[in-house]
Each structure stands twice: as C-alpha cells, then as structure tokens.
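Reading through the structure tokens given below for one structure.
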Amino acid sequence: MITIPTFKNVHNQFQLNGFNLNKDDLCRVAYSFIKEGEDFEKPIGDFLLDWFDDKDYIEMQTSGSTGTPKTIKVDKQAMVHSALATGDYFDLKPGMKALQCLPVKYVAGKMMLIRSIILGLDLDYVEPSSHPMQHTDATYDFVAMVPLQAQNSIVEMTRIKKLIVGGARISKDLELELLKVPTQVYETYGMTETITHIAAKRIGEKAFTILPHISIKQDDRGCLVIHAPKIIQENEIITNDLVEIVNENSFLFLGRLDNIINSGGVKIMPEQVEKKLDGKLDRRFFIASQEDHDLGEKIILVVEGEPFEVADTTFELLDKYEKPKEIYFIEKFVESENGKILRKQNLDLV
C-alpha cells in the first residue's frame, strides 16, 4: 500500500540551495530569512513558518486578473495532493534539480517550494526577476516561469530540461521561439483556487490535458467545470472559461465568458482575435470594447508603448466585426506580479 505524505512531512532527499534540511532546519532558516534575509527571502520565511504551524490551511491571495483580489483559505493537504499530481504528470523523481524563481507571494511560487519539500527535489532559489537564469549557472530538471521570464531565458534554455509556463498567455512569437529549443516546454492552465495548474499542454499542441485525479465537464454556458476532490474543498469549481471538450481528459481553451463582446449582435471573443493578431505587432496588446451608440459595443485595440501608425495590413486576418474601431496606447501596462495584463485596470486608464 502506497503511503501518501502529509503536509507535516519533509522528504529525506529535499535540499535547499545545496543543503539537506528537515522540518526543524527549515523553521530555523525561515526565522533567519525573516530577521536578516533579503527582501525576496522574507516571504519565503513567512510561508515556511505558516506551512509548519498548527493550522491545516494556508491563506492565499488571488491575483486579481479576473476580478478584485481576495484572500482564500487553502487546505495544506490539498496542496500536497497538487504537488503529487504534478510529480506524476511531469515524472519528477527525488533528487531532481529544480529552480524557484517565482514570487512566493502567489500560489505558483508557494507550490514550487511544496513540490520540492514533498517530492524530494534539490531546489535552488533565486531572486524573482525578469531574467532568472542570469542568477545561476546550474542545469535544472524542472523550472516554472511566467512568459516574460521564458522570453528572456531563451539563450539559457539549454540548461533547462522541463519548463512549465503559466500566469499569462504565451504569445505566438514566444511559442515559435520555444519550439526551437531542446527543452520540453509546457503551457499550464489553472488558478489560485485550483492550487496552481490542473492541466498542461506541450508547446505547439492545441489541447490541454488534465492532471491525475481530476475530471472535467461543461456547464450549460459552455464553461469549464473542474472536479478535483483531492485539491478543491468544494469538490468542484465552476469557471467562467469557455472551452471545447475534446475528450474526458482534454479541452481547448476558447476565452473568458467575462470578456465576450457583443458588437452589432455578433459575439466576439477577444482572446480569439488576439490569437489572429499574434506576430502582427511587436508590442504587448489586448482587445477590448467600448460603448457605442450604433453597435452597442465597439472593438478597440489597446497597445503598450509610445503611439505609432498601425498599418491596415495588421488586421487582414480579422473578420469585419473583429476589426478595431479605435486604437489606444498606454505607456506601460498595469500587470500582476506574475506578468498577467490586468485588462480592467488598463481600460480604466483608457
């Protein structure tokens, strides 16, 4: 019979920056980080002390990318099950070398620590930055990044065997670059409420495949419903993500229900329009809408950076109702700490 580790366990092969540490060692390290560590080390110390306290839950803050940020309680044992599912899916073994380069403030950074502690990984941690591989010269079996970090690590990608990328959409240009490297690169799907990713897909593939012990279905709106009794306290989460179910284990992500635009009676998904525009603009951008007297809502394009003349050929792949009626420029996008563009906050600037 297989024994499932609990959140009180520390794998005997777990290492942090080259040191083999048990629970007591980690608590001492945590106190040291909080008292005299670098700014980025203090959140690691806080989280480790929270992880090893007497409570069976952790409080986490959602990113706020789809609404107001909020604090939620997440069961520690559910986080263990999430770590085990990731280990199974990506074939992670004790002693494999991993890199922690994400802020521990959010769930993705927390989970890299927990995966390492539970699975017995040899974890290096560096200060979260847009160029994480410049802070280390080691080679890694498993790394998690946001798209901006992956973009800035293309040259060093030969030192990463498996990379998961999440937190924001991977652009077509970045996908094409990642397809050229020897690294196994996966785009992930998930949210704080699902304790980071519940599905992943290899770069170049269209459909996400769910992790072990998870099942999916659609509701009557066409949105994804996730059933994961081991990691979700309510047993299932009803999302606002419009999907196409390929089979019982995979789905296509189409876009957010919240973002759908009704322009002249035609329903338009911004995410699908953005895919058509991938590679047409050398800046970050997103599609949104404004109120319009005739159409109800009109399509607008919001571009990051200084204004410039956008050629008509940029929109040649778009249908009539998908073409932007207005183009706005914002000097610097408002974004979450993991690099996700916060659409609502940027539209407020427009």
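Residue numbers (my numbering): 479 to 828. Note that the Cβ used here is the ideal one computed from N, Cα and C, for glycine as well.
- Around P690, the same chain offers A563, D566 as residues with beta carbons nearer than 6 Å, after the five sequence neighbours per side are excluded.
- Inside the stretch 638-683, DSSP marks whole alpha helix (DSSP H) runs of 4 or more residues at positions 650-656, from first to last along the chain.
- Every alpha helix (DSSP H) stretch that sits fully inside the stretch 713-792 and reaches 4 residues is listed by chain position as 748-755.
- In the three-state scheme derived from DSSP, where H, G and I count as helix and E and B as strand, N498 is classed as strand.
- From the listed residues K520, L504, N725, P625, the smallest Cα separation to G645 is found for P625.
- Within the DSSP bridge table, the entry for S693 names H705 as partners.
- Annotation for E804: the continuous beta strand (DSSP E) segment containing it runs 804-808.
- The beta carbon of L825 is closer than 8 Å to those of A766, V780 in its chain, skipping five residues each way along the sequence.
- Burial check for R593: the Cβ neighbour count within 10 Å reaches 16 or more, so the residue is buried.
- In the DSSP annotation of this structure, F525 is not part of any beta strand (DSSP E); the continuous alpha helix (DSSP H) holding it starts and ends at 519-529.
- The three-state reading of DSSP puts D503 in helix, counting H, G and I together.
- Here V724 has A685 as same chain residues with Cβ atoms under 6 Å from its own Cβ, once five neighbours each way along the sequence are excluded.
- Only buried fits L652, as 16 or more other CB atoms lie within 10 angstroms of its CB.
- If you draw a straight line from the Cα of E784 to the Cα of F492, it is about 48 Å long.
- In the three-state reduction of the DSSP assignment, Q629 falls in the helix class, which pools H, G and I.
- Cβ neighbours of Y806 within its own chain (closer than 8 Å, five residues either side excluded): I778, L779, V780, V781, V828.
- Close CB contacts of L759 within its chain, under the 7 Å cut and outside five residues either way in sequence, are with V781, T792 (chain order).
- DSSP links D553 through a beta bridge to Y535.
- Going by DSSP, K575 is part of the beta strand (DSSP E) stretching over 575-578.
- Taken through DSSP and simplified to helix, strand or coil, L601 comes out as strand.
- The beta carbon of V812 is closer than 8 Å to those of I819, L820, Q823, N824, L827 in its chain, skipping five residues each way along the sequence.
- Boundaries of the beta strand (DSSP E) harbouring D619: 618-623, taken from the DSSP string.
- Distance between E634 and V643, taken at the CA atoms: about 15 Å.
- Secondary structure of I819 (DSSP, three-state): strand.
- Contact between I692 and I673 fails: their C-beta atoms lie close to 11 Å from each other, not under 8 Å.
- Beta bridge pairing from DSSP links I592 with no other residue.
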